[in-house]
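What follows is a short report on a single structure.
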Amino acid sequence: MPLTDAWDWVDARVAPPPARILPLAECAGLRLADAVAATGDWPPADRAAVDGFAVAAADTLGAGSYNPVPLTAAVAVSAGDPLPPGCDAVIPFEAAQAVGPFIEAIDAVAPGSGVERRGAWTVAGSPLLPAGRRLRAGDLGLLAAIGHGAGHGAGHGMVAVLPAPQVRILIAGGPKAGAPEQLGAMLAALVGRDGGVVVAVEELPADLDALAEAFARPGADLILSAGRTGTGPDDVAPSALAQAGSLDLHGIAMRPCGSAGLGLGGELGGGVPVLLLPGEPMAALAAYELLAGRAVRRAAGLPAVLPHATVEAVTARKLVSEIGSFDLHRVRLDDDGRVEPVASPGWPGLAAAARADGFVLIGADSEGVPDGAAVIMYRFA
-15 MPLTDAWDWV
-5 DARVAPPPAR
5 ILPLAECAGL
15 RLADAVAATG
25 DWPPADRAAV
35 DGFAVAAADT
45 LGAGSYNPVP
55 LTAAVAVSAG
65 DPLPPGCDAV
75 IPFEAAQAVG
85 PFIEAIDAVA
95 PGSGVERRGA
105 WTVAGSPLLP
115 AGRRLRAGDL
125 GLLAAIGHGA
135 GHGAGHGMVA
145 VLPAPQVRIL
155 IAGGPKAGAP
165 EQLGAMLAAL
175 VGRDGGVVVA
185 VEELPADLDA
195 LAEAFARPGA
205 DLILSAGRTG
215 TGPDDVAPSA
225 LAQAGSLDLH
235 GIAMRPCGSA
245 GLGLGGELGG
255 GVPVLLLPGE
265 PMAALAAYEL
275 LAGRAVRRAA
285 GLPAVLPHAT
295 VEAVTARKLV
305 SEIGSFDLHR
315 VRLDDDGRVE
325 PVASPGWPGL
335 AAAARADGFV
345 LIGADSEGVP
355 DGAAVIMYRF
365 A
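Take the sequence shown: its position 61, counted from the start at 1, is 45 in the numbering used here, and no numbers get skipped.
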């Protein structure tokens, strides 16, 4: 099948879970279900930006170290305090001196000096955080500061978030599947990058019934299975998925991962998407980047497109491809900023990926890219 058919299958069957309303304290690392706009101006009023004395700036006119000016209306404030009525500046403590019960300015300040104006950060209705953003500690502080979804007391605001998709990783078939530890660690890191949570990494034998049971078992939003996806007598993963639910696509026109497949598992075949990845590590990596990652990102409420930073470059040597196959070429940047291949799409092994700076994609309608041609490199993080 063309890779575009596999993308269509993923897009039709994988969607973010329903949003949940959770306390801010429970939202770190989760993604916003909806964009957040400011509910009011922040700061809500003019306030001190430094510790000092709130004053009317005009009262400090002419002040200097040799000409102290008495301040009859100075009010001590800390950074963040609202300005008292009649004050339009804050003179730092080091620019004033106490003489008995009185305060004298030894430096003049202009109106607005030491003051954070109302709405300096944001004004009511302005966008703050986009939908899909993974909430960091600073984001939660900002939401609490603006009173977003405020509850009863500090830290008890509520916000609508998308639960992270629960992903089960199966390594099928022992040594033929590649080093299980290698595959498990690599796929778990990729799932985390794309917003998923790995609930288990399981090693299973090349046994049809054992794999079918694992595909049918509930408790995951997505299942990624690596290994035993080919057409040999012990490549039982496709048949096991068909037994557990449905095998909808098997054999996708992409390299180096053409034996990938798609189907539905879950309890009694209840609709949990299952993505079959080759067991050779480089092929599994390519299959994840080209296909499985799309499913994880969609389930996490992220854009389906590749998350990599891109670099515009030209080829130092020809990148060879075949008509009808969507190819992932591992490449590196040379000293002149040109890309050159470190391995062909049909050559296995993660060693080449370790030497690569990223990859170039060549569509199924192309026989390759000549040397000196402009390309887009997707940079490995």
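Cβ coordinates follow ideal geometry from the N, Cα and C atoms, glycine included.
| Asked | Found |
| --- | --- |
| Rounded C-alpha distance that separates Leu55 from Val145 | 51 Å |
| Range covered by the beta strand (DSSP E) that runs through Ala60 | 59 to 61 |
| For Leu269 and Met170, believed in contact at Cβ under 8 Å, the rounded distance | 6 Å |
| Assigned secondary structure, Tyr272 (DSSP; H/G/I helix, E/B strand, else coil) | helix |
| Where Asp(-8) falls, given that 16 or more other Cβ within 10 Å makes a residue buried | exposed |
| Residue from Ile207, Pro222, Leu208 whose Cα sits closest to the Cα of Gly214 | Pro222 |
| Anticipated Cβ contact below 8 Å, Ala(-1) with Arg282, distance rounded | 7 Å |
| 4-residue-minimum alpha helix (DSSP H) runs that sit fully inside the region 312 to 364, ordered along the chain | 334 to 339 |
| Euclidean distance between Cα positions of Pro85 and Ala121 | 44 Å |
| DSSP-derived helix/strand/coil call for Leu124 | helix |
| Whole-angstrom C-beta distance between Met361 and Val323, which should lie under 8 Å | 5 Å |
| Rounded C-alpha distance that separates Gly180 from Thr106 | 32 Å |
| Delimiting residues of the alpha helix (DSSP H) encompassing Gly277 | 277 to 283 |
| Integer Cβ distance of Leu206 from Ala279, believed to fall under 8 Å | 6 Å |
| Given 8 Å, three or more beta-carbon pairs between the region 197 to 204 and the region 233 to 244 | no |
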